[in-house]
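Peer 1:
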Amino acid sequence: MLRHLTILGLLALCGAASADTIYKCTAGGKITYSGAPCTEGRATALDAMPAPAGADADAARTLERQKAMLATLQKERASSDARQAKAAQEATHINRVSAGRQADCARMRQKQQKEQKRLAAEAAKVGGQGKIERDLDAEAMAKAVDAACSR
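Residues -19 to -1, 1 to 132 in mature numbering (1 follows the signal peptide of the UniProt record, and there is no 0) are what the sequence shown lists, from first letter to last.
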């Protein structure tokens, strides 16, 4: 894209540069070129060559093609930027959901550990009575935690 803008700038300058007279100055065996007459040495005025017929039309067509190309590139870039922004937003959402799920899982594991401690303390007090119910409760809690945390 930068290349296209540079070309457009050079084309704009070409019209202005061709209208000026260029002076070739010879002083002390050195040759210099300038846009102003020489102050020392010998000066030769060089006429700029006239632009070829149809050059303005060619330049205008080239400029229009380049403008169209620039507009297309700008649309593509805007589209690409929009896709990247949407992808970043989706990634942020996924990360938030994942962090929430991990926090829920950690809370459930803590609850499971507390429940297991409570059931163990209850089993120690009561002895063998109700062992099947305690085991079923512990198994149900473990399944719930596994289901929630394995996604």
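Where is the CB? At the ideal position from N, CA and C, for every residue including glycine.
Determine the DSSP secondary structure at S15, reduced to helix, strand or coil.
Peer 2: Three-state result, S15: strand.
Peer 1: Going by CA-CA distance only, name the one from E96, K67, C6, A121 that's closest to R23.
Peer 2: When only C-alpha atoms are compared, the closest one is C6.
Peer 1: Ends of the beta strand (DSSP E) at T25?
Peer 2: Element bounds for T25: 23 to 27.
Peer 1: Can you give me the C-alpha to C-alpha distance between E120 and A105, rounded to a whole angstrom?
Peer 2: Going by the C-alpha atoms only, they are around 18 Å apart.
Peer 1: Rounded to whole angstroms, what is the Cα-Cα separation between V126 and Q55?
Peer 2: Answer to the nearest angstrom: the Cα atoms are 51 Å apart.
Peer 1: Under a three-way DSSP split, which group does T20 fall into?
Peer 2: Note: T20 maps to coil in three-state DSSP.
Peer 1: Helix, strand or coil: how does DSSP classify T73 here?
Peer 2: In this structure, T73 counts as helix in the three-state DSSP scheme.
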